[in-house]
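Some notes on the structure that comes next.
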Amino acid sequence: MSDLLSAFLHLLLLFKLVAPVTFRHHRYDDLVRTLYKVHNQCPYITQIYSIGRSVKGRHLYVLEFSDYPGIHEPLEPEVKYVGNMHGDEVLGRELLLQLSEFLCEEFQNQNQRIMRLIQETRIHILPSMNPDGYEAAATQGPNIPEYLVGRNNANKVDLNRNFPDLNTYFYYNEKHGGPNHHLPLPNNWESQVEPETKAVIHWMRSFNFVLSANLHGGAVVANYPYDKSPGHRFRNPHRTTNSPTPDDKLFRKLAKVYSYAHGWMHQGWNCGDYFPDGITNGASWYSLSKGMQDFNYLHTNCFEITLELSCNKFPRQEELQREWLGNREALIQFLEQVHQGIKGMVLDENHHNLTGAVISVHGINHDVTAGERGDYFRLLLPGTYTVTATAPGFDPQTENVIVHPGRPTLVNFYLKRSIAPVNPLRKAPGGGQGGRMQAQLRITKKKDGARKQPHRGPG
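Residues in the sequence shown are numbered consecutively from 1, following the UniProt record's numbering.
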């Protein structure tokens, strides 16, 4: 009997040490406690930092996962999730807290897939961009049908209509010539946006993010840019205009990855709407101006989609477990999509980084730039490309590149100095001090009859 009693007490102790997964709504203080609980449980692969404060002074906390938290490792891509931009759309907030606990626990359990993801990716999770709006919605609760309570921030501003409008500049440049990436902001932009928006913009400019998703509610569909059509009009189900980006095929693939990994999004019929494959171009659904996903694409290196995840914006607590199980695999698969296309370094003859590299794809009118460490990341579908690297003051170098499905192709360039005049430098994304020199990569899509390898994913 003593052996049985000892075994029973041992099992009881184990159950006490391993807290059961609970599915409940988290007010602001609960959210902060949950983030710190995860950090304390996994201190060597996480860090918590604040990107700013809300109108009412609440911190906008981010939980980072990395094998070297707080450090950008060259050639390791940065990816982010943003939840609860609309305070009354709460499912994304709860899913990101569940995801944080899941990543920590599975890393500790030596889940090889999760360990590889954290070792090869720097993941940033912002569970709530609008904590003030959430508190207003949570005070009301899910039972009172006041549809828009808490949607906006404390100043009653819709944060997804609050980013500088760069689409108008891009559409003009597309017709008349001009930059197609990293479009500049107005000099007075900080005075025109809300504190939460300002904090997120500075966050975007401080990290060289490659991939992102913004989690919303009120529908079930993966929405990809552009959100704003060239002839912008407000939502009208009878008058919609498809507004594809130059990377439309890639965005469609990213959206399908989430939709088909989701429990039911890919079925199309949800919440009284029908979206083939569970995806939609934003402007094709309805056009909106000053949204965050278009801003990501036009001002930074980041490819962002918007995930509408629930018919009910404030699901009941008993629905949260089903929603987590329906989204868990999709959340992991989407993070893994950052590992495709090409990446590399641009170096001079002495193997010094040429910081500020610009990567251009002929036939895809959108460029990306390298971060302050000189590494670049360009998401591309499988295919054959001709890649040319150029830099002011250096001779160009060209390489033929095959992009395979599944893993990125490493393409480094070693440029020789020329006598060409050097243009003024542009500050590289990723914050901090820039390097000595701005480089430019030009990727020219190969026009000959080379066979493409079919890309993965449904459709």
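C-beta atoms are modelled at their ideal positions from N, C-alpha and C, and glycine is treated no differently.
query	result
Do His86 and Gly217 count as a contact pair if the criterion is CB distance below 9 Å?	yes
Is it buried or exposed, Lys175, if we count other Cβ atoms within 10 angstroms and call 16 or more buried?	exposed
Relative to the C-alpha of Val200, which residue among Pro396, Leu159, Ser100 is closest?	Leu159
Among Lys249, Arg58, Asn187, whose alpha-carbon lies nearest the alpha-carbon of Asn281?	Lys249
Checking 9 Å against the spacing of the C-beta atoms, do Gln340 and Pro408 come in under that value?	yes
With DSSP as the reference, label Ala219 as helix, strand or coil.	strand
Going by Cα to Cα distance, which pick from Phe275, Asn187, Ser212 is closest to Val220?	Phe275
Measure the Cβ-Cβ separation of Leu63 and Pro127 and say whether it is below 9 Å.	yes
If I measure Cβ to Cβ from Ser259 and keep anything under 7 Å in the same chain, skipping five residues before and after, which residues do I get?	Ala222, Met265, His266, Asp277, Gly278, Ile279
Val411 to Lys343, Cα distance in whole Å?	6 Å
With the cut-off set at 9 Å, would you say Pro164 and Gly52 are in Cβ contact?	no
With a Cβ-Cβ cutoff of 9 Å, do Phe209 and Gln98 count as a contact?	no
Between the alpha carbons of residue 505 and Ser360, how many angstroms are there, rounded?	Examination of residue 505 is not possible in this model, given that the chain is present from 1 through 459 alone.
What do you get for Lys416, buried or exposed, if any count of 16 or more other CB atoms within 10 angstroms of its CB means buried?	exposed
Give the range of the beta strand (DSSP E) segment to which Lys80 is assigned.	78-83
Is it true that the stretch 303-316 meets the stretch 175-187, where meeting means three or more beta-carbon pairs spaced less than 8 Å apart?	no
Specify the secondary structure class of Val257 as computed by DSSP and reduced to three states.	helix
Which of the three DSSP states is assigned to His202 in this structure?	helix
Would you report the Cα separation of Gly383 and Leu309, rounded to the nearest angstrom?	32 Å
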